[in-house]
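What follows is one structure encoded as C-alpha cells, with my remarks underneath.
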Amino acid sequence: MPSEITRREALSGAGVGAALGVLSTILPGSAFAAGKSEDNAVDLLKLPALPYPDDALEPVIDKETVKIHHGKHFAGYIAGLNKNLEALAKARESGKFDDIKCISKDLAFNASGVVLHWIYFSTIGPVSSKAPTGKLLELINRDFGSFETFWKQFAAATKTVEASGWGVLAWEPFSKKLMIMQAEKHQNLTSWGAMPLMVCDVWEHAYYLKYQNRRPEYVDNFAKIINWPKVEERLVTYCSI
Ligand SMILES: [Fe+2]
Numbered sequence: 030m031p032s033e034i035t036r037r038e039a040l041s042g043a044g045v046g047a048a049l050g051v052l053s054t055i056l057p058g059s060a061f062a063a064g065k066s067e068d069n070a071v072d073l074l075k076l077p078a079l080p081y082p083d084d085a086l087e088p089v090i091d092k093e094t095v096k097i098h099h100g101k102h103f104a105g106y107i108a109g110l111n112k113n114l115e116a117l118a119k120a121r122e123s124g125k126f127d128d129i130k131c132i133s134k135d136l137a138f139n140a141s142g143v144v145l146h147w148i149y150f151s152t153i154g155p156v157s158s159k160a161p162t163g164k165l166l167e168l169i170n171r172d173f174g175s176f177e178t179f180w181k182q183f184a185a186a187t188k189t190v191e192a193s194g195w196g197v198l199a200w201e202p203f204s205k206k207l208m209i210m211q212a213e214k215h216q217n218l219t220s221w222g223a224m225p226l227m228v229c230d231v232w233e234h235a236y237y238l239k240y241q242n243r244r245p246e247y248v249d250n251f252a253k254i255i256n257w258p259k260v261e262e263r264l265v266t267y268c269s270i
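According to the working numbering, the sequence shown is numbered sequentially starting from 30.
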C-alpha cells in the first residue's frame with residue numbers, strides 16, 4: 030500500500046487523475062462512507078467494510094461466496110489499482126514511460142473493477158423493496174415502458190454476457206436517458222460518460238459455489254436482493270436528471 034503522499038501524487042497525475050476524478054464522483058455514499066474525505070471524495074484505494082454481515086444475502090448468495098468475493102476479489106482489484114498508481118508515479122518521477130501501455134491497460138481493468146464492486150456491494154442488501162419507486166421508477170417507465178419490461182431486458186443482457194462481466198443499468202448523460210449495457214471483463218463494451226447505477230456481477234466468482242453453471246438462476250434470484258432506494262439515491266445524487 031503506498032504512502033498518503035504517493036497516493037495524492039498518483040491521484041493528481043495527468044491522465045490518470047482525470048480518470049479517477051470521474052470515478053470518485055460516481056461512487057456510492059453512505060453505505061461505504063468510512064473512506065470519504067472532507068471534499069466528499071471516496072478513497073478508492075482502501076477496501077471498505079461490507080455494509081452488512083457476510084451471511085446477510087443468504088439464500089440468494091451464500092456466505093462463503095460473499096466472503097471470497099469481497100475479501101479476495103474486490104480486495105485484489107484495489108491492490109492492483111494501488112500498484113498501477115505507484116508505477117505511474119514512479120514513471121513520472123523518472124521520466125521513463127516505457128511501460129505506459131501495459132500500466133494503462135492494467136489501470137483500466139483494476140479501476141473499473143474497483144468502481145463496479147463498490148456499486149455492486151452497496152446497491153444490494155438483505156432487504157429488498159422488490160421494485161424501484163420515485164424518480165427512478167418514473168424514468169424506468171419512461172425509457173423502458175414498464176419495470177417488468179426493464180427487468181426482462183436487464184436479465185437477458187446479464188445472462189448472455191460473454192465470459193466474465195457485468196449487467197449494468199446506467200444513466201447516459203448526453204441524451205439524459207437510462208440504458209442497459211453489458212460489460213465484458215470490467216471495462217469492455219462500456220459507453221463513455223455513462224454513469225453506472227445498478228450492476229449485476231456475472232464473473233463466476235460471484236455465484237459459482239452455489240449456482241455452478243446456472244448463471245440464469247443466479248440472475249433471476251439477484252432481483253430479490255437489489256436495494257432499490259440505494260439505486261435511486263445514486264441516480265438523484267450523481268446524475269443531472
Ligand atoms: Fe466480482
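A virtual CB, placed ideally from N, CA and C, is assigned to each residue, including glycine.
Under the three-state DSSP convention, the category residue i falls into
i: CYS268; result: coil
i: ALA85; result: coil
i: VAL156; result: coil
i: LEU73; result: coil
i: GLN182; result: helix
i: LYS206; result: strand
i: GLU191; result: coil
i: ALA62; result: The predicted position of ALA62 is uncertain, since its pLDDT is 44 and thus under 50; a value taken from the coordinates is nonetheless stated next. It is helical.
i: TRP257; result: helix
i: LEU145; result: helix
Sub-9 Å separation of residue i and residue j beta-carbons
i: MET210; j: TYR267; result: no
i: LYS181; j: ALA252; result: no
i: ASP83; j: LYS101; result: no
i: MET227; j: ILE255; result: yes
i: ASP128; j: ALA120; result: yes
i: GLY196; j: LYS214; result: no
Cutoff 8 Å; reference residue i; Cβ partners in own chain excluding five residues on either side
i: LYS164; result: GLU261, LEU264, VAL265, ILE270
i: ILE132; result: ASN113, ALA116, LEU117, ALA120
Cβ distance (whole Å) where residue i is taken to contact residue j below 8 Å
i: THR94; j: LEU218; result: About 25 Å separates the two Cβ atoms, so there is no contact after all.
i: LEU110; j: LEU86; result: Contact doesn't hold; Cβ gap of about 25 Å is too wide.
i: ALA104; j: LEU76; result: 5 Å
Contacts around residue i, its chain only, beta-carbon distance under 7 Å, and the 5 residues preceding and following it disregarded
i: LYS206; result: ASP172
i: LEU79; result: HIS99, PHE150
Closest by C-alpha distance to residue i, when choosing among the options
i: TRP221; options: ALA199, ILE169, SER123; result: ALA199
i: CYS229; options: ASN170, ILE148, SER204, GLU177; result: ILE148
i: ASP135; options: PRO245, ALA235, GLN216; result: GLN216
i: GLU246; options: THR178, ILE169, THR187; result: THR187
i: ASN250; options: GLU191, VAL231, LYS259; result: VAL231
Residue-chain proximity (residue i, chain C), Cβ-Cβ < 9 Å
i: GLY124; result: Included in the structure is just one protein chain, with no chain C present.
Own chain, CB closer than 6 Å to residue i, minus 5 neighbours either side, in chain order
i: PRO155; result: TYR81, ALA85
i: VAL190; result: GLN211, VAL231
i: GLY142; result: TYR106, HIS215
i: VAL89; result: ASN250, LYS253, ILE254
Next item on the list: With a cut-off of 6 Å, give the chain-ordered residues whose Cβ is closer than this to any heavy atom of ligand 2.
Entry: With respect to ligand 2, the structure offers nothing, as its ligand set consists of ligand 1.
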